[in-house]
Amino acid sequence: MAIGAIGAAITTAASNTTPVVPAPAVTGTEESGANFGNLIAKALDSVQGAQSNADSLATKAATGDLTDVHDYMIASTEASMATELTVAVRNKAVEAFNDIMRMQI
Amino acid sequence: MTIFGAINTAGSGLGVYRTWMDAVSDNIANMNDAVPGDQPAFQERFVEAAAKGDATGVGNGVEVKGITYGPTTGRLAFDPTNPSADAQGYVKYPDIDLGEQMTQMMAAQRAYQANLATIDRAKDAYQQALELGK
Chain A
1 MAIGAIGAAI TTAASNTTPV VPAPAVTGTE ESGANFGNLI AKALDSVQGA
51 QSNADSLATK AATGDLTDVH DYMIASTEAS MATELTVAVR NKAVEAFNDI
101 MRMQI
Chain B
1001 MTIFGAINTA GSGLGVYRTW MDAVSDNIAN MNDAVPGDQP AFQERFVEAA
1051 AKGDATGVGN GVEVKGITYG PTTGRLAFDP TNPSADAQGY VKYPDIDLGE
1101 QMTQMMAAQR AYQANLATID RAKDAYQQAL ELGK
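Here the protein sequences line up with chains A and B, keeping their order.
Per my numbering, residue 1 is the first one in the first sequence, and the count goes up by one each step.
Per my numbering, residue 1001 is the first one in the second sequence, and the count goes up by one each step.
As structure tokens, this is what we get:
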């Protein structure tokens, strides 16, 4: 299932960023930056997949081709929750960035 | 299992119980079909459900394995005025008991609601997990 990729992406990102911390500062930031970018790209891809799935089921509902009402409701719930998860991850990332920018040197 | 595993598992249950309700309503709709006494009567529909396994061993929900049909014997009734009656004046009705069908309908409906409740709880749990970071 497409949504599963978010969970996988988060696990990958976590395992990739953890060993970066004790590494030299310059290469460390580059790697984690690239990994975080990949994570966001993957997460957005799966959110996009969930939303297009919900969209196609909504079209089916409108045209009368929908066989199961609960299929659409489940797809739309998953799409909205995957979006919420992405927004939560983004908020955390922005928060971390702002914390670092506010740091006194 | 993926992050929305519980929701998809309960979703498969919704599909099976909807099929069961479809089968029961078909049985009820055809309950009074009269055929000539020497022909097979309408056969009661039974939905066969089977577990869907997955690699992790937790399971992956349920699916409709197939539809089986009841006997064609039905019950004979002597009704010579019926247009469907055979030469001896017999018609055959399906051997379907309305009380039993209504009981099955209630079981299917309650099971459908139980799966909806599972989805609701899983959704609440995921949303509360998202609250954790706020």
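For every residue, glycine included, the Cβ atom is placed at its ideal position computed from N, Cα and C.
Computed from a predicted model, the values in this text were never measured in an experiment.
By DSSP, does residue 92 of chain A sit in helix, in strand, or in coil? helix
>> Helix, strand or coil, according to DSSP, for residue 1065 of chain B in the structure here?
In response: strand
Requested in this report: Assign residue 101 of chain A to one of two classes, buried (16 or more other C-beta atoms within 10 Å of its C-beta) or exposed (fewer than that).
Outcome: exposed
Notebook entry, point to check: Pick from A:74, A:45, A:64 and A:67: whose alpha carbon is nearest that of residue 1123 of chain B?
Noted result: Nearest option by C-alpha distance: A:74.
| Nearest-angstrom Cα distance between residue 46 of chain A and residue 1034 of chain B? | 54 Å
Need the endpoints of the beta strand (DSSP E) that residue 1076 of chain B sits in, please. Boundaries of the beta strand (DSSP E) harbouring residue 1076 of chain B: 1075-1078, taken from the DSSP string.
_On the criterion of 16 or more Cβ atoms from any shown chain inside 10 Å, does residue 1067 of chain B qualify as buried, or is it exposed?_
exposed
Using only the alpha-carbon positions, how far apart do residue 1097 of chain B and residue 1079 of chain B sit? 20 Å
Quiz item: Among B:1105, B:1114 and B:1004, which residue has its Cα nearest to the Cα of residue 1020 of chain B?
Solution: B:1105
Cβ of residue 85 of chain A within 8 Å of any chain B Cβ:
yes
* For the 8 Å Cβ check, are there 3 or more pairs between the stretch 36-50 of chain A and the stretch 1072-1089 of chain B? -> No, they do not touch.
At which residues does the alpha helix (DSSP H) containing residue 1016 of chain B begin and terminate?
1005-1029
| message | According to DSSP, is residue 55 of chain A part of a helix, a strand, or is it coil? | response | helix
Give every residue of the same chain whose Cβ lies closer than 7 Å to the Cβ of residue 1027 of chain B, excluding the five residues on either side of it in the sequence, and list them in chain order. Counting only residues of its own chain and dropping the five nearest sequence neighbours on each side, residue 1027 of chain B has a CB closer than 7 Å to the CB of 1044, 1045, 1096 and 1101.
Problem set entry | Beta bridge counterpart(s) of residue 1036 of chain B as assigned by DSSP | By DSSP's assignment, residue 1036 of chain B forms a beta bridge with B:1091.
- Touch check for the stretch 71-86 of chain A and the stretch 1125-1134 of chain B: three-plus C-beta pairs under 8 Å? yes
If we define contact as Cβ-Cβ less than 8 Å, is residue 92 of chain A a contact residue for chain B?
yes
Residues near residue 1013 of chain B in its chain [Cβ-Cβ closer than 6 Å; skip 5 each side]: 1062 and 1115
Handout entry: Residues that DSSP places opposite residue 1049 of chain B in a beta bridge
Key = B:1064
Check distances from the C-beta atoms of the stretch 50-76 of chain A to those of chain B and list, in chain order, the residues that come in under 8 Å. 68, 70, 71 and 74
Q: Compare the C-beta of residue 88 of chain A with all C-beta atoms of chain B and state if any pair is closer than 8 Å.
A: Yes - at least one Cβ of chain B is within 8 Å of the one on residue 88 of chain A.
What are the boundary residues of the alpha helix (DSSP H) that includes residue 1138 of chain B? Limits of chain B in this structure are 1001 at one end and 1134 at the other, which puts residue 1138 of chain B out of reach.
Could you tell me the distance, in whole angstroms, from the CA atom of residue 1103 of chain B to the CA atom of residue 65 of chain A?
30 Å
The stretch 1002-1020 of chain B: positions lying closer than 9 Å to chain A by Cβ: Result list: 1002, 1003, 1004, 1005, 1007, 1008, 1010, 1011, 1014, 1015 and 1018.
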